[in-house]
Amino acid sequence: MSRSERKWDHIRYALANQQKSVFAFDDIKFIHQSLPNISTFDVRLDHSIGELYLSSPIFINAMTGGGGDRTYRINKELAQVARDTGLAMAVGSQMAAIKDKTEKYTFEVVRKENPSGIVIANLGSEAAADQAKEAVDMIEANALQIHLNVIQELTMPEGDRDFTRALKRIEAIVRAVEVPVIVKEVGFGMSRETVESLASIGVSLVDVGGFGGTNFAEIENKRRERELSFFADWGIPTPISIIEASSIADHSISIIGSGGFRGAIDVVKGIAIGAEAIGMAGFFLKTLVQKGIDTLREEIDRLHQEITLIMTALGATSIADIKRTPLIISGDTYHWLNQRGID
Ligand code: FNR
1 MSRSERKWDH IRYALANQQK SVFAFDDIKF IHQSLPNIST FDVRLDHSIG
51 ELYLSSPIFI NAMTGGGGDR TYRINKELAQ VARDTGLAMA VGSQMAAIKD
101 KTEKYTFEVV RKENPSGIVI ANLGSEAAAD QAKEAVDMIE ANALQIHLNV
151 IQELTMPEGD RDFTRALKRI EAIVRAVEVP VIVKEVGFGM SRETVESLAS
201 IGVSLVDVGG FGGTNFAEIE NKRRERELSF FADWGIPTPI SIIEASSIAD
251 HSISIIGSGG FRGAIDVVKG IAIGAEAIGM AGFFLKTLVQ KGIDTLREEI
301 DRLHQEITLI MTALGATSIA DIKRTPLIIS GDTYHWLNQR GID
């Protein structure tokens, strides 16, 4: 099976993948304040994360890699939505286009459609530093994502089995490229230990890519004769992963939350517990493919309106203000954090 066919399988299965709600979001409750003392008109959604200025706390996370005309079409439409709504957008893995230059058009279209937006390049941790530079140049990217996807690879019959030296390669990439590097998971979450290792080599942005949304173990299992069912519920739920990542001693690292975000309340909770921005992949892809580009634009506008309403209720005029909101953490999330000595 070609890389392009495999990636199309991912999209097909991701669309069929019933996103479970991330139970751990229910464990986080805001404490209602009857005197927020602000107006909806005071609320600002723009926010800087490291060197990146974002006009919205949400962004379109990496999706379509693999090349081919279908990738081209989806990337083109996502880029148009990103341009019209002011969202940053990450592309899917560009390795296909680095290995086969005839596939470059499937990614270059993203910059062409959105000349002045924030566009983020993407490769896996198997990439060498010169490939990372090439990926950034290909789309004149403002940042580069390096994804970690050990469980996905292990679940794929033809996947990688050797994960040695990934940290060394990431370190070389961080030194070589001139844009910020975001190291991300793809739906299994990052632990405090992982984030500490990344911070120790100079990574300043991580996207925890937690468990609870698109599930690549389930997706890859569908392509196996004998399923590895033990990986189907493997991973750190997104809210827990955000809190784990935020708990490291090195506060120079900024946290991005992703994995299972669908509604405004999840977004605001994700920020309240430590994320600076929230990535959404499966939900946007599903909306685009099943309901069309206009519905996706409307959905994003609605998310912005609802985030504004929630921030007003919390008395938060800025994204930074959300972090000062008092909240209660209960249930399994509380017990997890307690056992990990995180308060
Ligand atoms: C992805 N994701 C992904 N991530 C990445 O870093 N490089 C990639 O090429 C891809 N490809 C990809 C294809 C498809 C079809 C989907 C749905 C997702 C993972 C994505 O960026 C994200 O980390 C996870 O999907 C979890 O977020 P959601 O989908 O639960 O919002």
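Reading the sequence shown from the start, the letters are residues 1 to 343 in full-length UniProt numbering. For every residue, glycine included, the Cβ atom is placed at its ideal position computed from N, Cα and C. Here the structure is a predicted model, which is why all the values come from computation and not from measurement.
- Scanning the segment 66 to 105 from its first residue to its last, the whole alpha helix (DSSP H) runs of 4-plus residues come out as 68 to 85 and 95 to 99.
- The shortest C-alpha to C-alpha distance from Leu78 to any of Asp250, Ile293, Gln131 and Ala320 is the one to Ile293.
- Bridge pairing for Gln145: Asn122 and Ile182 [DSSP].
- DSSP, read as helix, strand or coil, puts Phe25 in helix.
- Relative to ligand 1, even the nearest heavy atom lies 8 Å or more away from the CB of Ser56.
- For Asp266, the uninterrupted alpha helix (DSSP H) segment begins and ends at Ala264 to Ala272.
- The C-alpha of Ala97 lies about 35 Å from the C-alpha of Glu244.
- For Pro157, the three-state secondary structure derived from DSSP is coil.
- Below 8 Å, too few C-beta pairs join the segment 105 to 117 and the segment 150 to 161 to call them touching: fewer than three.
- In the structure shown, Phe231 adopts helical secondary structure according to DSSP, grouped into three states.
- Within 8 Å of the C-beta of Ser258 there is at least one heavy atom belonging to ligand 1.
- At a cut-off of 4 residues, the continuous stretches assigned as alpha helix (DSSP H) that sit fully inside the segment 235 to 312 are 238 to 246, 264 to 272 and 282 to 291.
- From the listed residues Ala143, Leu314, Ile74 and Tyr13, the smallest Cα separation to Gly65 is found for Ile74.
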